[in-house]
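Residue numbers (numbering that gives the first Met the number 0), protein chains in the order written: chain A, 0 to 349; chain B, 0 to 270. Report on one structure; see the data block that follows.
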Amino acid sequence: MSALAPRLSPALLRLNRRAWIAVGVIAAVALVLAICGVGFGSTWIDPRRVGEILFGGGSRGERVVVLQLRAPRVAIAVLAGGAMAVAGYLLQKVTRNELASPGVLGVIGGAGLGVVIFLALLSDESNSLVTSIVWQPVAAMLGASLAIAAVFLLSGQQASSAVRLLLFGIAVGAVCKAATLILMIVGPIYRTTQASRWLAGAVNEINWGEVQVVAVGLAIAMVGVFAVARRLPPADLDEVSARGIGLNLPVFRILVFALASALTALAVAFAGGVGFIGLMAPHLARLIVGRPVLPGIVASFLLGAIMLVGADLIVRVLFAPTEVPAGTVTAVIGTPYFLYLVLRRGSTNG
Amino acid sequence: MDKAISVASLTVAYGAATALDNVDLAIPSGKITVLAGPNGCGKSTLLRSIRRLHQPKSGDIRLGDVPISSLREKELARHIGLLAQNPSAPDDMSVEELVRLGRYPHQTMLQPWSAADAEAIQAAMFGTGVSHLADRSLGSLSGGQLQRVWIAMVLAQETDVICLDEPVNHLDMAHQIDCLDLVTRLNREHGRTVVLVLHDLNLAARYADRLVFMKSGGMVAEGEPDALMNEALIEEVFGISCRVIVDPVHERPLCIPIRNSTPRFRGETSS
Numbered sequence: 000m001s002a003l004a005p006r007l008s009p010a011l012l013r014l015n016r017r018a019w020i021a022v023g024v025i026a027a028v029a030l031v032l033a034i035c036g037v038g039f040g041s042t043w044i045d046p047r048r049v050g051e052i053l054f055g056g057g058s059r060g061e062r063v064v065v066l067q068l069r070a071p072r073v074a075i076a077v078l079a080g081g082a083m084a085v086a087g088y089l090l091q092k093v094t095r096n097e098l099a100s101p102g103v104l105g106v107i108g109g110a111g112l113g114v115v116i117f118l119a120l121l122s123d124e125s126n127s128l129v130t131s132i133v134w135q136p137v138a139a140m141l142g143a144s145l146a147i148a149a150v151f152l153l154s155g156q157q158a159s160s161a162v163r164l165l166l167f168g169i170a171v172g173a174v175c176k177a178a179t180l181i182l183m184i185v186g187p188i189y190r191t192t193q194a195s196r197w198l199a200g201a202v203n204e205i206n207w208g209e210v211q212v213v214a215v216g217l218a219i220a221m222v223g224v225f226a227v228a229r230r231l232p233p234a235d236l237d238e239v240s241a242r243g244i245g246l247n248l249p250v251f252r253i254l255v256f257a258l259a260s261a262l263t264a265l266a267v268a269f270a271g272g273v274g275f276i277g278l279m280a281p282h283l284a285r286l287i288v289g290r291p292v293l294p295g296i297v298a299s300f301l302l303g304a305i306m307l308v309g310a311d312l313i314v315r316v317l318f319a320p321t322e323v324p325a326g327t328v329t330a331v332i333g334t335p336y337f338l339y340l341v342l343r344r345g346s347t348n349g
Numbered sequence: 000m001d002k003a004i005s006v007a008s009l010t011v012a013y014g015a016a017t018a019l020d021n022v023d024l025a026i027p028s029g030k031i032t033v034l035a036g037p038n039g040c041g042k043s044t045l046l047r048s049i050r051r052l053h054q055p056k057s058g059d060i061r062l063g064d065v066p067i068s069s070l071r072e073k074e075l076a077r078h079i080g081l082l083a084q085n086p087s088a089p090d091d092m093s094v095e096e097l098v099r100l101g102r103y104p105h106q107t108m109l110q111p112w113s114a115a116d117a118e119a120i121q122a123a124m125f126g127t128g129v130s131h132l133a134d135r136s137l138g139s140l141s142g143g144q145l146q147r148v149w150i151a152m153v154l155a156q157e158t159d160v161i162c163l164d165e166p167v168n169h170l171d172m173a174h175q176i177d178c179l180d181l182v183t184r185l186n187r188e189h190g191r192t193v194v195l196v197l198h199d200l201n202l203a204a205r206y207a208d209r210l211v212f213m214k215s216g217g218m219v220a221e222g223e224p225d226a227l228m229n230e231a232l233i234e235e236v237f238g239i240s241c242r243v244i245v246d247p248v249h250e251r252p253l254c255i256p257i258r259n260s261t262p263r264f265r266g267e268t269s270s
């Protein structure tokens with residue numbers, strides 16, 4: 000009998016179906032953009048040709064360009080953008096605050112600092128790592144977790160007060176960024192051309208090994224995300240009401256913060272501190288798909304992927320052959336968006 | 000008398016300030032118990048302690064014979080429901096979505112949804128008269144409607160005990176009566192044990208089967224409203240000289256305040 004019970008009423012079913020249709024449309028856009036991302040470069044390869052090359056066709060030269068140079072770059076943009084967006088979705092949910100995001104809460108800053116310290120300590124004189132690249136996201140994760148723990152502890156009893164949380168997040172993020180900058184200037188990694196990545200965020204010079212690390216890490220993290228997804232609806236309530244129906248919100252919040260830190264760290268470890276995707280993508284996702292949680296998570300991921308692939312495409316089109324970090328584009332678009340959200344909040348609820 | 004909840008030597012402190020000092024109380028099963036007292040007397044703290052929202056400094060709270068400290072979060076939520084003093088949910092959440100959340104403690108990873116859930120939700124919305132609002136967003140409701148929806152959520156939880164913390168605070172008089180009549184009906188028709196915090200003494204006397212008077216972190220008296228509503232006791236607890244008459248309509252004791260009998264401005268603590 001329970002198997003036959005309607006899980007959702009007709010109205011909620013309709014909402015849910017509409018949300019999944021929207022997710023399908025977003026997925027199609029993401030796919031087209033990813034193919035364009037692979038096709039675009041110093042030589043244009045049309046989408047049909049890209050498909051052929053990906054499935055084993057094409058000349059030797061084309062195969063090198065597509066498979067070794069461009070595809071990993073697009074792949075990391077998809078994974079990193081998606082990871083940061085899902086982290087933002089989780090943070091916005093459990094803090095009940097649409098301004099919360101990995102960037103605003105200092106998590107990106109912390110992860111970036113973690114990576115730079117890792118590189119500073121474990122690079123040899125020729126600037127190559129003395130240990131495996133697999134440890135890089137671990138270092139990022141450590142930095143990210145410490146940053147969000149600091150924000151949480153500083154906000155203290157008022158952690159549920161949105162404003163305090165955001166202010167401390169911005170402060171901790173700024174301190175991390177300053178420390179990162181100092182380390183990059185005085186530390187042993189000053190010669191690396193990648194160094195700017197951890198300040199602004201960029202996805203060039205990526206290889207498949209790095210993509211693999213992110214993909215595996217992301218797969219593990221997403222299992223965690225879907226495991227907590229069921230507990231996200233009660234987290235929409237105030238703390239007392241959530242406890243009343245059996246969700247210990249303070250404990251759950253810490254769990255979700257850890258998960259969001261891990262997701263952010265994975266992204267930052269290889270794509271750098273790309274800001275504002277974790278703010279804009281989940282917000283846009285909620286505008287498009289509404290309140291249902293699972294479609295919201297998937298839509299956030301896809302929109303985050305679209306944003307980073309798109310930002311990378313834009314810097315490639317506008318500034319080629321100079322490599323400008325994709326993070327500059329997300330910052331240019333994200334900052335006014337953030338201000339718009341702040342101002343809109345200010346006018347509606349004081 | 001069958002006890003739903005028993006509280007023994009309960010002491011709760013916020014930092015250095017003692018909110019409850021050595022309280023003993025039995026909540027009778029199937030009755031409406033109202034906790035009443037002046038601001039800062041600890042009535043809300045007691046209610047929230049019963050629902051394990053405060054870690055007691057010492058003492059023991061039992062649900063039947065089971066110490067509540069031994070129950071897991073969801074287990075406790077299947078036995079005791081709570082309507083918070085200032086509950087909040089997103090404006091764009093629908094009424095049905097909120098009521099569905101009441102089923103959260105009954106759902107597990109393996110059994111995320113059952114026919115019992117669907118039935119409980121329908122029954123809760125019907126019982127509180129909000130079925131026709133199911134698809135509306137919370138932001139579009141009036142204060143009275145919203146309070147009914149929250150009660151529906153607690154009702155859908157299907158707990159034996161329902162705690163309500165000042166449920167009529169923000170409502171106008173018509174909706175206050177409406178809300179408390181609804182709570183009474185849930186008690187009489189569904190046999191739920193109800194624990195209410197009310198600061199309006201006359202509403203407390205009208206709706207309580209058992210009345211508990213509290214003052215500065217301790218229980219002063221406990222019993223039926225007819226026994227407790229006497230002028231001397233009310234003066235002692237609330238600090239007002241008053242006259243108690245019998246409400247000619249409901250034949251319940253009614254307190255008519257005359258004047259404040261204690262000097263004020265002594266720095267009240269809020270509850």
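Using N, Cα and C, we set each Cβ at its ideal position, and we do this for glycine too.
For B/Gly316, which of B/Ser5, B/Ser28, B/Gly29 has the nearest alpha-carbon?
This structure does not reach residue 316 of chain B, given that chain B is present from 0 up to 270, and the question cannot be answered.
Rounded to a whole number of angstroms, what is the C-alpha to C-alpha distance between A/Leu14 and B/Cys162?
One-based indexing of the first sequence puts residue 14 of chain A at position 15. One-based indexing of the second sequence puts residue 162 of chain B at position 163. Approximately 33 Å, taken between the alpha carbons.
Please say whether B/Leu24 and B/Met218 have beta carbons closer to each other than 8 Å?
In the second sequence, the residue the question calls residue 218 of chain B occupies position 219. In the second sequence, the residue the question calls residue 24 of chain B occupies position 25. Cβ distance < 8 Å, so B/Met218 and B/Leu24 count as in contact.
Count the other CB atoms within 10 Å of the CB of B/Ile26; is the residue buried (16 or more) or exposed (fewer)?
On the second sequence, residue 26 of chain B is found 27 positions in, with the first residue counted as 1. A residue is called buried when at least 16 other Cβ atoms come within 10 angstroms of its Cβ; B/Ile26 meets this threshold and is buried.
Would you say B/Asp177 faces chain A, with C-beta separation under 8 Å as the test?
Reading the second sequence from its first residue, position 178 is the one you call residue 177 of chain B. Chain A, which has no Cβ nearer than 8 Å to the Cβ of B/Asp177, makes this no.
Coarse secondary structure for B/Phe212, derived from DSSP in three states
Locating residue 212 of chain B in the second sequence gives position 213, where the first residue counts as 1. In this structure, B/Phe212 counts as strand in the three-state DSSP scheme.
Determine the closest residue to B/Pro224 out of B/Ile244, B/Gly14, B/Lys73, with distance taken between C-alpha atoms.
Locating residue 224 of chain B in the second sequence gives position 225, counting from the first residue. Checked all of B/Ile244, B/Gly14, B/Lys73; the closest Cα to B/Pro224 is B/Ile244.
B/Leu232 to B/Val98 span [Cα, whole Å]:
Numbered from its first residue, the second sequence carries residue 232 of chain B at position 233. Numbered from its first residue, the second sequence carries residue 98 of chain B at position 99. Rounded to whole angstroms, the gap between the alpha carbons of B/Leu232 and B/Val98 is 41 Å.
Simplified DSSP state of A/Val133, which is helix, strand or coil
By 1-based counting over the first sequence, the position of residue 133 of chain A is 134. Coil at A/Val133, not helix or strand.
Does A/Met183 come out as helix, strand or coil in the three-state DSSP assignment?
Position 184 of the first sequence, counted from the start, is the residue given in the question as residue 183 of chain A. If DSSP states are grouped into helix, strand and coil, A/Met183 belongs with the helices.
Taking the CB atoms as reference points, tell me whether A/Val77 and A/Thr263 lie closer together than 8 Å.
By 1-based counting over the first sequence, the position of residue 77 of chain A is 78. By 1-based counting over the first sequence, the position of residue 263 of chain A is 264. No. Outside cutoff.
So with CB distances below 9 Å, who are the chain B contacts of A/Arg290?
For the purposes of this step, residue 290 of chain A is taken as the residue at position 291 of the first sequence. By Cβ distance, chain B contributes Pro89, Asp91, Met92, Ser93, Glu96.
Identity of the residue in A/Val31, A/Lys176, A/Gly57 nearest A/Gly272 by Cα:
As a first step, residue 272 of chain A must be located in the first sequence, where it is residue number 273. Cα-wise, what sits closest to A/Gly272 is A/Lys176.
Taking only beta-carbon positions, decide if B/Lys42 is within less than 8 Å of chain A.
Sequence index remark: in the second sequence, residue 42 of chain B carries index 43 (1-based). Cβ-Cβ to chain A under 8 Å: no for B/Lys42.
Is B/Leu103 close to chain A? Criterion is C-beta to C-beta, closer than 8 Å.
Position 104 of the second sequence holds residue 103 of chain B. The sequence shown places Tyr at residue 103 of chain B, not Leu. For B/Tyr103, the answer is yes, since a Cβ of chain A falls inside 8 Å of its Cβ.
For A/Ile44, three-class secondary structure by DSSP
For this step, residue 44 of chain A is matched to residue 45 along the first sequence. Reduced to three states, the DSSP call for A/Ile44 is coil.
Taking 8 Å as the cut-off, does the region 32 to 41 of chain B touch the region 73 to 86 of chain B (at least 3 CB pairs, one atom from each stretch)?
no
Mind listing the chain B neighbours of A/Asn247? Cutoff is C-beta to C-beta under 7 Å, in chain order.
As a working note, residue 247 of chain A is residue 248 in the first sequence. Going along chain B in sequence order, the residues near A/Asn247 (Cβ under 7 Å) are Glu72.
Residues in its own chain within less than 6 Å of A/Leu283 by CB, not counting five upstream and five downstream?
Taking the first residue of the first sequence as 1, we reach residue 283 of chain A at position 284. Once the five neighbours on either side are set aside, the close Cβ partners of A/Leu283 are Leu302.
Apart from the five residues just before and just after B/Val196, which ones in its own chain have a Cβ nearer than 6 Å to its Cβ?
Walking along the second sequence from the start, residue 196 of chain B turns up at place 197. Closer than 6 Å at Cβ, skipping near neighbours: Leu34, Lys42, Ser43, Leu46, Asp164, Glu165.
Under a Cβ-count criterion, where at least 16 other Cβ atoms within 10 Å of its own Cβ denotes burial, should A/Thr347 be classed as buried or exposed?
Counting from one through the first sequence, the residue named residue 347 of chain A turns up at place 348. In this prediction, A/Thr347 scores a pLDDT of 49, lower than 50, which makes its location untrustworthy; the coordinate-derived value is nonetheless stated afterwards. A/Thr347 is exposed by the Cβ-count criterion.
Contact between the region 82 to 98 of chain A and the region 279 to 298 of chain A is defined here as three or more beta-carbon pairs at a separation below 8 Å; is this criterion met?
yes
Taking the DSSP output, what are the residues bridged to B/Tyr13?
Numbered from 1 along the second sequence, position 14 holds the residue referred to as residue 13 of chain B. BP columns for B/Tyr13 point to B/Ala16.
Determine, using beta carbons only, whether B/Arg86 comes closer than 8 Å to chain A.
Counting from one through the second sequence, the residue named residue 86 of chain B turns up at place 87. Just to set this straight, residue 86 of chain B is Pro in the shown sequence, not Arg. Yes, B/Pro86 counts as interfacial toward chain A.
Under 8 Å, with one C-beta from each stretch per pair, do the region 137 to 147 of chain B and the region 81 to 99 of chain B reach the 3-pair mark?
yes
Out of B/Leu145, B/Arg184, B/Asn229, B/Asn168, which has the shortest C-alpha to C-alpha gap to B/Ala88?
The residue given as residue 88 of chain B occupies position 89 in the second sequence. The candidate whose alpha carbon is nearest that of B/Ala88 is B/Leu145.
In angstroms with no decimal places, state the Cα-to-Cα distance between A/Val239 and B/Trp149.
Taking the first residue of the first sequence as position 1, residue 239 of chain A is located at position 240. Taking the first residue of the second sequence as position 1, residue 149 of chain B is located at position 150. A/Val239 and B/Trp149 have their alpha carbons spaced roughly 13 Å apart.
Based on Cα-Cα distance, which residue from A/Ser260, A/Glu209, A/Gly57, A/Val103 lies nearest to A/Ala270?
One-based indexing of the first sequence puts residue 270 of chain A at position 271. Nearest option by C-alpha distance: A/Glu209.
Should A/Gly81 go down as buried or exposed, given a rule of 16 or more other Cβ atoms within 10 Å for buried?
Within the first sequence, the letter at position 82 stands for residue 81 of chain A. Buried, because 16 or more other Cβ atoms sit within 10 Å of the Cβ of A/Gly81.
Looking at the structure shown, is B/Thr192 part of a helix, part of a strand, or coil, going by DSSP?
The residue labelled residue 192 of chain B in the question sits at position 193 within the second sequence. Correct three-state label for B/Thr192: strand.
Note down, in chain order, each residue of its chain lying with its Cβ closer than 6 Å to the Cβ of A/Tyr336, except the 5 sequence neighbours on either side.
The residue labelled residue 336 of chain A in the question sits at position 337 within the first sequence. The residues are Met279.
For B/Phe125, count neighbouring C-beta atoms within 10 Å of its own C-beta (all shown protein chains included) and say buried if the count is 16 or more, exposed if not.
Here the question's residue 125 of chain B lines up with position 126 in the second sequence. Classification of B/Phe125: exposed, given that the 10 Å Cβ count is below 16.
Whole alpha helix (DSSP H) runs in the region 256 to 315 of chain A with 4 or more residues, listed along the chain?
With a minimum length of 4 residues, the continuous alpha helix (DSSP H) runs that stay inside the region 256 to 315 of chain A are 276 to 288.
Taking the DSSP output, what are the residues bridged to A/Leu89?
The residue labelled residue 89 of chain A in the question sits at position 90 within the first sequence. Looking at the DSSP assignment, A/Leu89 forms no beta bridge with any residue, so it has no partner.
Going along the chain, which residues of the region 231 to 256 of chain A sit with their C-beta nearer than 8 Å to a C-beta in chain B?
The residues in question are Pro232, Pro233, Asp235, Leu236, Asp237, Val239, Ser240, Arg242, Gly243, Ile244, Gly245, Leu246, Asn247.
C-beta atoms of A/Gln135 and A/Ala268 nearer than 8 Å:
In the first sequence, the residue the question calls residue 135 of chain A occupies position 136. In the first sequence, the residue the question calls residue 268 of chain A occupies position 269. Yes, they are a contact pair.
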